[in-house]
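Counting from 20, one number per residue, gives the positions in the sequence shown under the numbering used here.
Beta carbons are placed, not taken as given, at the ideal position from N, Cα and C, and that holds for glycine.
The structure displayed is predicted, hence computed values, not measured ones.
Structure, as structure tokens:
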Amino acid sequence: MAAVNPVQRRVPLIAGNWKMNLDHLQSIAFVQKLAWTLKDASHDFSAVEVAVFPPFTDLRSVQTLVAADKLPLAFGGQDVSEHESGAYTGEIAAAFLAALECRYVIIGHSERRTLHGETDEQVAGKVAAALAHGVAPIICVGETADDLEKHGASAVPVAQLRTALSRVDSAADIVVAYEPVWAIGSGQAATPEQAEQVAAALRGVVAEVLGEEVAAKTRILYGGSVKSGNIAGFMREPNVDGALVGGASLDVAEFAAIVRYQKHVGL
Ligand code: PEP
Numbered sequence: 020m021a022a023v024n025p026v027q028r029r030v031p032l033i034a035g036n037w038k039m040n041l042d043h044l045q046s047i048a049f050v051q052k053l054a055w056t057l058k059d060a061s062h063d064f065s066a067v068e069v070a071v072f073p074p075f076t077d078l079r080s081v082q083t084l085v086a087a088d089k090l091p092l093a094f095g096g097q098d099v100s101e102h103e104s105g106a107y108t109g110e111i112a113a114a115f116l117a118a119l120e121c122r123y124v125i126i127g128h129s130e131r132r133t134l135h136g137e138t139d140e141q142v143a144g145k146v147a148a149a150l151a152h153g154v155a156p157i158i159c160v161g162e163t164a165d166d167l168e169k170h171g172a173s174a175v176p177v178a179q180l181r182t183a184l185s186r187v188d189s190a191a192d193i194v195v196a197y198e199p200v201w202a203i204g205s206g207q208a209a210t211p212e213q214a215e216q217v218a219a220a221l222r223g224v225v226a227e228v229l230g231e232e233v234a235a236k237t238r239i240l241y242g243g244s245v246k247s248g249n250i251a252g253f254m255r256e257p258n259v260d261g262a263l264v265g266g267a268s269l270d271v272a273e274f275a276a277i278v279r280y281q282k283h284v285g286l
């Protein structure tokens, strides 16, 4: 099996967003079990990259475990401040995530946008802050059910991504996650065709803003009710390079089965 899709030349990424679940002790048990499960199954981490996104209070524990046991797992924060440092009570600086060896940070998740009123401009500031510290942003975009009805699937995510990239320079290491809000936690995933259509439009935005070369290497994930039973359909699409998984990432066996999609679908 090829380590990288020969057409796409992008290593798929399966990312688990734990949201506000699992404390630091539970995170250690979970990451150990995940690593053992994947190792037992001879998972090739160079063929499909795996990342987990625990709560901030777990990150030091996860970092220590990953470093001590040399686990081939990436990890990152679920959010980051757009500010460098200072009087921003409750916020976490990109420099702090970098110091904990976070490879990625999720930015602009729909729960941040809807529950915390995060704007596209703030998302752009957070993306710039992460990149300034060498942490790759996973930029989340997606339309609500209302947006879908009024504007179609692509319009809102395309506009969100254009603003999110407005402060990025041309050599950026970014990941984009297309997460239709109506599909998150609803059990009603988009169809692979819907995901592909929007992912292609988002790749077009990356090309327009950052150039074809960056667009060709940028991974675009689908997120929204991904399970082991539907991941294969998404991964067959040429512009979908992985998944951002919420609920199903909290079950080791289920998450490992999503990571190992190539085995059970023959891709
Ligand atoms: C998410 O919150 O990013 C997500 C995709 O959640 P779920 O997989 O539970 O729909």
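By the criterion of at least three beta-carbon pairs nearer than 8 Å, the segment 219–239 is not in contact with the segment 263–275. Judged by the Cβ position, residue 36 qualifies as a neighbour of the ligand PEP at the 8 Å threshold, a heavy atom of the ligand being closer than this. Around the Cβ of residue 161, a 10 Å sphere holds 16 or more other Cβ atoms; the residue is buried.
Two segments are said to touch when three or more pairs of C-beta atoms, one from each, lie closer than 8 Å; by this definition the segment 265–282 does not touch the segment 226–236. Taking the Cα positions, residue 252 is about 6 Å away from residue 211. Proximity of the segment 144–163 to the segment 91–101 meets the contact definition, three or more beta-carbon pairs being nearer than 8 Å.
In terms of Cβ geometry, residue 72 and residue 36 form a close pair [threshold 9 Å]. Unbroken alpha helix (DSSP H) runs of no fewer than 4 residues, entirely contained in the segment 55–129, are found at 78–87 and 113–118, following chain order. When rounded, the separation of the alpha-carbon atoms in residue 190 and residue 237 is 11 Å. Rounded to whole angstroms, residue 67 and residue 123 show a C-alpha spacing of 16 Å. Taking C-beta atoms under 8 Å as the contact rule, residue 258 and residue 215 qualify, at a distance of about 6 Å. Put simply, of 60, 139, 157 and 166 the residue whose alpha carbon is nearest the alpha carbon of residue 33 is 157.
Look at residue 255 here: in three-state DSSP terms it is coil, with no helix or strand label. Residue state for residue 206 is assigned as coil, using DSSP reduced to three classes. In the DSSP assignment, residue 238 falls outside any alpha helix (DSSP H) and within the unbroken beta strand (DSSP E) covering 238–242.
Just so you know, the alpha carbons of residue 239 and residue 195 end up roughly 5 Å apart.
Contact check for residue 51 against residue 78 fails: the beta carbons are separated by 9 Å or more. With a 10 Å radius around the Cβ and a threshold of 16 neighbouring Cβ atoms, residue 256 comes out buried.
Following the DSSP letters along the chain, one finds residue 261 inside the beta strand (DSSP E) bounded by residues 261–264. Contact annotation: residue 96 and residue 111 have beta-carbon atoms nearer than 9 Å.
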